[in-house]
Amino acid sequence: MTTQIPNTQNPPTMESPNFFRDNSPFLRHPLLTTDRTAREIDFLTPRLTIMPPARVLDIGCGFGRHSIELARRGFTGVGIDPSQAMITAARQRAAEAGVTAKFQQAAAEHFQDDHPFDAAICLFTTLGQISEGGDNLGLLGNVFTLLRPGARLAIETPQRDATVRNMKPFERFEGPNNAAEVTRSFDPASSVLTEVFEVGAGAATERYVLRYRLFDAAQLAGLLLDAGFRQAEFTDGYTDSPLHDDSPAMLVVAQRP
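The sequence shown begins at 14 in the numbering used here and counts up by one.
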């Protein structure tokens, strides 16, 4: 089914994305719990066909929740992220969890390592965030070279049409000590969704901008094929159900031949 994508574009903003800086609200995301992360790793590891101590590259690792959970299970986690604030937070949380995981500030399209990886994960909205230029194929092509033959890559990303259909242009959240307002806009020409977060009140308000590209399954399958991957299998997020038009998120596992 083809969905007509509404034009919800606001006047262009000159603000650069800064969502993953120090004190980002991402560090306090109420839904990214330890239990949720454990369930996601439970789902991913058999589909990536890996066992400890396999080396797993965590692309856009954020504050390290997946790498830390992998390390708890005996895997060798290597998390990379272009944000130094996220890398600092990841190292701190790994130390607090009492696990060993490597975290490095790096962009996935340029990252290099001396040893091949047994699997890679690229989760949440990472794939669409890599740059204003959007060199998604460059990222996937580089990840392809970092994997050993036969290794698998798992990507989770919002499904474009379902995300746009269900997008709320404005939301306000009230907490016990704080409040946050989120304004969203979508540019159909570039398939980029912009979210502006205003956290706090008055002079203490902090403004954060997050911008990422949305994909449909055909686009993502084409990118993976062009990067050299094969056997791409899509599901309705972290479920065994096939991807469908109303799936808010899609998860795909593809293999390097």
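All C-beta atoms, glycine included, are put in the ideal place defined by N, C-alpha and C. Nothing here was measured: the structure is a model prediction, and the numbers come from that model.
Annotation: the continuous alpha helix (DSSP H) that includes Asp-174 extends over 173-178. The beta carbon of Thr-89 is closer than 6 Å to those of Pro-66, Arg-68 in its chain, skipping five residues each way along the sequence. Around the beta-carbon of Pro-43, fewer than 16 other beta-carbon atoms lie within 10 Å, marking it exposed.
Ile-81 sits away from Ala-121, with the two beta carbons spaced by 8 Å or more.
Here Arg-226 is near Gly-141, since their CB atoms are less than 8 Å apart. Around the beta carbon of Met-64, fewer than 16 other beta carbons lie within 10 angstroms, which makes this residue exposed. Collapsing the DSSP output to three states places Pro-65 in coil. DSSP places Ala-245 in the uninterrupted beta strand (DSSP E) bounded by 243-249. A direct Cα-to-Cα measurement between Phe-33 and Met-99 gives close to 7 Å. Here Pro-162 carries a strand assignment [DSSP, helix/strand/coil]. Thr-207 counts as buried, since at least 16 other C-beta atoms from the protein chains shown sit within 10 angstroms of its C-beta. Distance from the CA atom of Ser-254 to the CA atom of Phe-247, rounded to whole angstroms, is 9 Å. In this structure, Gln-172 lies away from Asp-239, with their beta-carbon atoms at least 8 Å apart.
Contact between Val-266 and Arg-60 holds, since their C-beta atoms are separated by about 5 Å, short of 8 Å. Here the C-alpha atom of Asn-179 lies approximately 20 Å from the C-alpha atom of Val-222. Bounds of the alpha helix (DSSP H) holding Leu-236 are 230-240.
The C-alpha of Arg-49 is placed about 18 Å away from the C-alpha of Pro-38. For Arg-49, the enclosing alpha helix (DSSP H) starts and ends at 47-60.
Under the DSSP definition of a beta bridge, Thr-170 partners with Met-263.
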